[in-house]
Amino acid sequence: PAYLLHIPGTLFSPWTHSEYTPIYYRVHGKGVPRTPGHETVELIFMEPKQAIESGLMAAPEICALKRAVKGEAKS
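In this text, residue positions in the sequence shown follow my numbering: the first is 2, and each later residue adds one.
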């Protein structure tokens with residue numbers, strides 16, 4: 002099942018120089034993540050603390066991740 006975590010509203014992307022409205026869900030998965038053929042991004046699984054400290058996450062993503070971890074602690 003997927004769980005809605007965070008909808009921060011419309012934001013401005015410094016990468017695309019345009020507005021976007023992210024919606025973050027907690028989903029369950031296993032195995033190795035696969036990247037679509039047209040993407041040049043490498044996907045990897047990280048522990049939450051490592052992901053947050055990597056400097057590669059935007060503030061809304063960090064908020065969603067913290068909510069996911071908090072929700073799993075209650076489960």
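Each residue gets a CB set at the ideal place from its N, CA and C atoms; glycine is no exception.
This one's a predicted model, so the numbers in the text were calculated from it and none came from an experiment.
Under the three-state reduction of DSSP, which class applies to residue i: helix, strand or coil?
i: L57; result: coil
i: L44; result: coil
i: R68; result: helix
Can you tell which of the options has the C-alpha that lies nearest to the C-alpha of residue i?
i: K50; options: L12, A3, F13, I63; result: I63
Going by other Cβ atoms of all chains shown within 10 Å of its Cβ, with 16 needed for buried, is residue i buried or exposed?
i: L44; result: exposed
i: A3; result: exposed
i: L57; result: exposed
i: A65; result: buried
i: L6; result: buried
Go through its chain and collect everything with a Cβ distance to residue i's Cβ below 8 Å, but skip five positions before and after it.
i: T36; result: V42, E43, L44
i: T11; result: E20, Y21, T22
i: P61; result: H7, P9, L12, P23, Y25
Within the same chain, show all residues whose beta-carbon is closer than 7 Å to that of residue i, passing over the 5 residues directly before and after it, in chain order.
i: G32; result: none
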